[in-house]
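Undergrad:
Numbering (the numbering used here), first residue to last: 3 to 179.
#1: If you draw a straight line from the alpha carbon of residue 69 to that of residue 154, how long is it in whole angstroms?
#2: If you draw a straight line from the alpha carbon of residue 135 to that of residue 46, how long is it in whole angstroms?
#3: Answer yes or no: do residue 152 and residue 71 have a C-beta to C-beta separation smaller than 8 Å?
#4: Helix, strand or coil: how does DSSP classify residue 52 here?
#5: In whole angstroms, give me the CA-to-CA distance for residue 129 and residue 16.
#6: Under 8 Å by Cβ, that's how I've got residue 101 and residue 94 pegged, so tell me the actual separation to the nearest angstrom.
#7: Who are the near neighbours of residue 62 in its chain, counting only those whose CB is closer than 6 Å to its CB and skipping five residues on each side?
#8: When DSSP labels each residue in this structure, what does residue 42 get in the three-state scheme?
#9: In angstroms with no decimal places, state the Cα-to-Cα distance between residue 169 and residue 111.
#10: Let me check understanding here. Comparing Cα to Cα, which of 77, 116, 174 and 66 lies closest to residue 163?
#11: What do you get for residue 173, buried or exposed, if any count of 16 or more other CB atoms within 10 angstroms of its CB means buried?
#12: In three-state terms, what does DSSP make of residue 144?
#13: According to DSSP, is residue 118 helix, strand or coil?
#14: Look at the alpha carbon of residue 160 and the alpha carbon of residue 90, and state the distance between them as a whole number of angstroms.
#15: Going by CA-CA distance only, name the one from 140, 13 and 79 that's closest to residue 108.
Dropping the structure here:
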């Protein structure tokens with residue numbers, strides 16, 4: 003009897019493996035990265051970065067553009083690729099593109115030091131210490147950027163750093179009516 007009880011965990015593990023393999027074979031990996039494109043950006047209320055602290059003001063991610071198109075860039079001070087994409091964000095800001103930053107799972111003081119060191123391309127920075135906005139946006143890692151039209155609809159997305167100027171320009175062009 004004891005011998006059969008020892009086989010139960012193994013049978014459960016085999017069953018879970020079969021379920022996982024079956025799920026992964028049916029899953030379309032290309033569908034996930036652009037899941038929000040064509041849909042409204044989530045209404046997530048986050049504190050604003052004020053100096054080196056989060057708050058006291060809060061703002062809904064959907065209304066951060068104030069009725070204007072914007073690029074929402076999810077970044078972090080601890081993220082090496084975020085440093086690589088920073089010049090492209092500075093260039094977009096210089097061209098008049100509104101860029102809103104979401105500091106993902108980052109300490110506000112570290113975020114401020116990052117921006118003081120590299121320059122601040124953001125119209126505003128929202129603090130997402132717990133990663134709530136990251137979950138709402140379906141972020142798989144930082145950096146990720148979303149082009150959001152004046153009506154709050156995501157019109158384009160870039161996963162990974164915006165190192166290539168053409169990729170940054172593609173997001174900015176998606177904001178044009």
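Note that beta-carbon positions come from the ideal geometry of N, C-alpha and C, so glycine has one too.
TA: Taking the coordinates as given:
#1: 8 Å
#2: 6 Å
#3: yes
#4: strand
#5: 42 Å
#6: Going by Cβ atoms, the distance from residue 101 to residue 94 rounds to 6 Å, so yes, they are a contact pair.
#7: Take residue 62, set aside five residues on each side of it, and the residues of its chain with a beta-carbon closer than 6 Å to its own are 45 and 47, in chain order.
#8: strand
#9: 30 Å
#10: 77
#11: buried
#12: Three-state DSSP puts residue 144 in coil, outside helix and strand.
#13: helix
#14: 13 Å
#15: 79
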